[in-house]
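Okay, so here's the structure we're looking at.
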Amino acid sequence: MQIDVELFTVNKRFPLTISRGTTAKTTNLWVKISEDGIEGWGEASPFNVGNYPQSTQVIQESILQIIPNLQKKHPSQRQEIELMLNKAQIPSAAKAALDTALHDWMGKRAKLPLWQMWGLDRSNIKPVSVTIGINSPEGAKARVRDWLQFMDVKMLKVKLGNPDGIDADRKMLDAVREEAPTPDLYVDANGGWSLEDAQEMCFILADIGVKYVEQPLPRGQEQSLIELKKSSPLPIFVDESCFTSTDIPYLSECADGVNIKLMKSGGLTEAMRMIHTARACGLQVMFGCYSDSAIANTALAQLAPLADYLDLDSHLNLIDDPFRGASVEGGKILPNNLPGLGVQLSAFTA
Ligand SMILES: [Mg+2]
Numbered sequence: 005m006q007i008d009v010e011l012f013t014v015n016k017r018f019p020l021t022i023s024r025g026t027t028a029k030t031t032n033l034w035v036k037i038s039e040d041g042i043e044g045w046g047e048a049s050p051f052n053v054g055n056y057p058q059s060t061q062v063i064q065e066s067i068l069q070i071i072p073n074l075q076k077k078h079p080s081q082r083q084e085i086e087l088m089l090n091k092a093q094i095p096s097a098a099k100a101a102l103d104t105a106l107h108d109w110m111g112k113r114a115k116l117p118l119w120q121m122w123g124l125d126r127s128n129i130k131p132v133s134v135t136i137g138i139n140s141p142e143g144a145k146a147r148v149r150d151w152l153q154f155m156d157v158k159m160l161k162v163k164l165g166n167p168d169g170i171d172a173d174r175k176m177l178d179a180v181r182e183e184a185p186t187p188d189l190y191v192d193a194n195g196g197w198s199l200e201d202a203q204e205m206c207f208i209l210a211d212i213g214v215k216y217v218e219q220p221l222p223r224g225q226e227q228s229l230i231e232l233k234k235s236s237p238l239p240i241f242v243d244e245s246c247f248t249s250t251d252i253p254y255l256s257e258c259a260d261g262v263n264i265k266l267m268k269s270g271g272l273t274e275a276m277r278m279i280h281t282a283r284a285c286g287l288q289v290m291f292g293c294y295s296d297s298a299i300a301n302t303a304l305a306q307l308a309p310l311a312d313y314l315d316l317d318s319h320l321n322l323i324d325d326p327f328r329g330a331s332v333e334g335g336k337i338l339p340n341n342l343p344g345l346g347v348q349l350s351a352f353t354a
């Protein structure tokens with residue numbers, strides 16, 4: 005098969021601040037594989053969690069390095085390709101781009117959307133949450149108003165873990181609730197709290213009806229998470245603490261759910277394994293994203309009927325997404341009826 009890699013820069017309409025910093029734009033990778041006259045598309049977006057930062061350059065170099073070996077394979081040889089990528093220790097975001105492209109190719113070859121190939125039920129898809137980054141109370145209110153104008157918001161994800169402390173978190177959360185009394189709320193602290201902060205915050209959040217809290221403590225503090233789970237009235241989800249299916253059995257002691265992202269898992273193949281592993285361990289499942297465009301979010305949306313919560317909103321905050329795929333209707337992100345991922349070039353580029 006032939007493999008091409010193109011870089012594209014996407015700019016956020018509203019820069020996003022989390023406990024670790026602010027992002028206004030990213031340069032992502034568009035991976036195209038072709039064979040038998042069919043083209044499969046995948047995406048990698050840079051992120052910085054875990055053992056080493058997966059920068060655009062790191063991802064690009066790793067893909068370019070493996071291309072000569074990959075070219076000898078056929079897109080249907082996904083098992084052999086996965087072994088090859090694992091052996092070469094290719095970063096997970098690079099694997100995600102390649103694995104997604106192989107799935108897109110397969111769906112197009114079969115002339116079926118991926119959700120249909122897996123026999124999934126689109127009526128089982130839960131609402132997609134949209135994100136309010138760390139901000140002043142007034143800034144957060146303005147962001148809420150913008151989302152409410154943009155779409156039918158059923159669920160808001162509020163980023164806490166403000167470096168100014170949990171008082172600032174409480175003020176921002178109160179402002180969000182005041183501006184949006186109806187949508188469900190959940191909180192992502194991105195590891196920005198101490199155990200004491202988290203214990204206090206979980207009771208406060210439960211009081212105002214927050215559904216669950218994501219990554220209250222930093223990655224690496226899973227032992228303290230066990231203690232938090234014992235006292236917390238809220239379900240706890242892990243994100244930064246959980247990359248692949250092998251992390252999950254151990255985490256079932258510390259958490260009630262896991263956040264699955266393509267860039268961490270290394271693609272749809274491993275995302276599916278993670279879903280089944282989480283269920284076998286009695287955990288709930290959510291899907292999330294980094295600075296992904298419509299390619300990666302539409303790819304994960306293909307599995308959306310299997311998730312309890314969906315946080316696939318990064319592409320909705322881009323002013324120049326080159327792609328369009330899953331549609332947003334009635335507060336839900338719905339994969340379409342086109343074969344494969346169902347992703348096309350957007351009007352912006354076409
Ligand atoms: Mg998160």
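So the number in the numbering used here is just where the residue sits in the sequence shown, counting from 1, plus 4. Glycine residues also receive a C-beta, built at the ideal position from the N, C-alpha and C atoms.
Point to revise | N166 classed as buried or exposed, judged by whether at least 16 other C-beta atoms fall within 10 angstroms | key: Sixteen is the threshold: when 16 or more other Cβ atoms of the shown chains lie within 10 Å of the Cβ of N166, as they do, the residue is buried.
Check your understanding: If we count the other Cβ atoms within 10 Å of its Cβ and call it buried at 16 or more, is H107 buried or exposed?
Key -> Flag for H107 reads buried.
Practice item. Give a single yes or no on whether D243 has its beta carbon closer than 7 Å to a heavy atom of ligand 1. Key: Under cutoff, so the answer is yes.
Point to revise | Length at least 4, wholly inside the segment 210-280: the alpha helix (DSSP H) runs in chain order | key: Qualifying alpha helix (DSSP H) stretches, in chain order: 226-235, 252-255 and 266-269.
Check your understanding: What does a CB cutoff of less than 8 Å around K145 pick up in its chain, not counting 5 residues either side in sequence?
Key -> For K145, where only same-chain residues beyond five positions count, the Cβ hits under 8 Å are A179, V180, E182 and E183.
Review point. Over what stretch of residues does the beta strand (DSSP E) that includes L338 continue unbroken?
Key: Run containing L338: K336 to L338, per the beta strand (DSSP E) assignment.
Exercise for review: Determine the DSSP secondary structure at W45, reduced to helix, strand or coil.
Suggested key: Here DSSP, grouped into helix, strand and coil, assigns W45 to strand.
Review point. I think G195 touches R223, with their Cβ atoms under 8 Å apart; what is that distance to the nearest whole Å?
Key: Correct: roughly 6 Å between the Cβ atoms.
Practice item. With N15 as the anchor, note down where its beta strand (DSSP E) starts and where it stops. Key: Note, N15: beta strand (DSSP E), Q6 to I22.
Exercise for review: Return yes when the Cβ of K91 is within less than 8 Å of the Cβ of P343, no when it is not.
Suggested key: For P343 and K91, no; Cβs fall outside 8 Å.
Exercise for review: Could you check the C-alpha separation between S269 and Q93 for me, to the nearest Å?
Suggested key: Taking the straight line joining both Cα atoms gives about 13 Å.
Exercise for review: Return the CA-CA distance between K175 and Q81, expressed in angstroms with no decimal places.
Suggested key: Roughly 53 Å between the two C-alpha positions.
Practice item. Just tell me which of A97, E86, E200 and K163 has its CA closest to the CA of S235. Key: Residue E200 is the option with its Cα nearest to S235.
Review point. What distance in whole Å lies between the Cβ atoms of I129 and A308, which are believed to be in contact at a cut-off of 8 Å?
Key: Contact flag correct, Cβ pair sits at about 5 Å.
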